[in-house]
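Numbering (our numbering), first residue to last: 170 to 428.
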């Protein structure tokens, strides 16, 4: 049974590797033997994650680029192939959010959210998918959705919610398109989890406490998420255990979408 969750030696690309989720994904995968290609915009922050991985005995390379263009995506993919000979998995953890009421949001800001969350996912899938198909041995792709792709929110998310709904659609369409190539495509949909953008919600000050009082009654498990909460499902989706699972958005949300 232990072989069901064996990802040792697999070459996995992680974009957004310096963010909360991307860092957690990179550390988790490398800790169980995957060879990880880390991509993000900040070379300094990438080096910090790479040092953590190396200190734990893991193997990784870094690419200081975001998938903003096809050339960026191709450069990230090429670095993985150059370092490890192939690509077996992809985790697209890069993305952004700019909460604003629609009347206050500039068109350019809406496009920034859509580009980071949807265009970046599509470009990485296009580049990595072509290499996986050429390799002829299948592969695993994990995109990052959100409970906000399924459920709306009170206000200010008219860019973020549609972007994550689009990620859901991309997950399902590529699962159908790539199924004959034995490439599994799934998405993880978290609720609020600790990151630089949400750290204020975890604080004990008045603003953080008020936010939790409002949010926690809707989460049956009674707490907000931590990046590490996503590690188990990520390893499952990268491992042989998930070989018959594709086209799914798996919510890791403490039960938020159940209510």
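Glycine residues also receive a C-beta, built at the ideal position from the N, C-alpha and C atoms.
Residue i, buried or exposed, once every other Cβ within 10 Å from all chains shown has been counted against 16
| i | result |
| --- | --- |
| residue 365 | exposed |
| residue 345 | exposed |
| residue 225 | exposed |
| residue 359 | buried |
| residue 253 | buried |
| residue 171 | exposed |
| residue 375 | exposed |
| residue 178 | exposed |
C-alpha distance - residue i paired with residue j, whole-angstrom precision
| i | j | result |
| --- | --- | --- |
| residue 293 | residue 236 | 7 angstroms |
| residue 320 | residue 329 | 11 angstroms |
| residue 260 | residue 348 | 18 angstroms |
| residue 289 | residue 203 | 23 angstroms |
| residue 265 | residue 310 | 20 angstroms |
| residue 416 | residue 340 | 6 angstroms |
| residue 256 | residue 412 | 17 angstroms |
| residue 195 | residue 248 | 16 angstroms |
| residue 384 | residue 353 | 33 angstroms |
| residue 397 | residue 200 | 13 angstroms |
| residue 428 | residue 388 | 8 angstroms |
Cβ separation of residue i and residue j, assumed to be a contact under 8 angstroms, to the nearest whole Å
| i | j | result |
| --- | --- | --- |
| residue 425 | residue 336 | Contact flag wrong, Cβ pair sits at about 17 angstroms. |
| residue 241 | residue 231 | Their Cβ separation, rounded to whole angstroms, is 14 angstroms, which puts residue 241 and residue 231 out of contact at 8 angstroms. |
| residue 174 | residue 400 | With 8 angstroms as the limit, residue 174 and residue 400 do not qualify as a contact, their Cβ atoms being about 12 angstroms apart. |
| residue 314 | residue 333 | 5 angstroms |
| residue 393 | residue 362 | 7 angstroms |
Sequence-distant residues of the same chain with beta carbon closer than 6 angstroms to residue i, five excluded per side
| i | result |
| --- | --- |
| residue 370 | 377, 380 |
| residue 212 | 233 |
| residue 390 | 423, 424 |
| residue 198 | 181, 205 |
Own chain residues within Cβ distance below 8 angstroms of residue i, not counting five before or after
| i | result |
| --- | --- |
| residue 419 | 355, 356, 357, 358, 402, 406 |
| residue 238 | 292 |
| residue 244 | 232, 234 |
| residue 307 | 301, 350, 351, 352, 353 |
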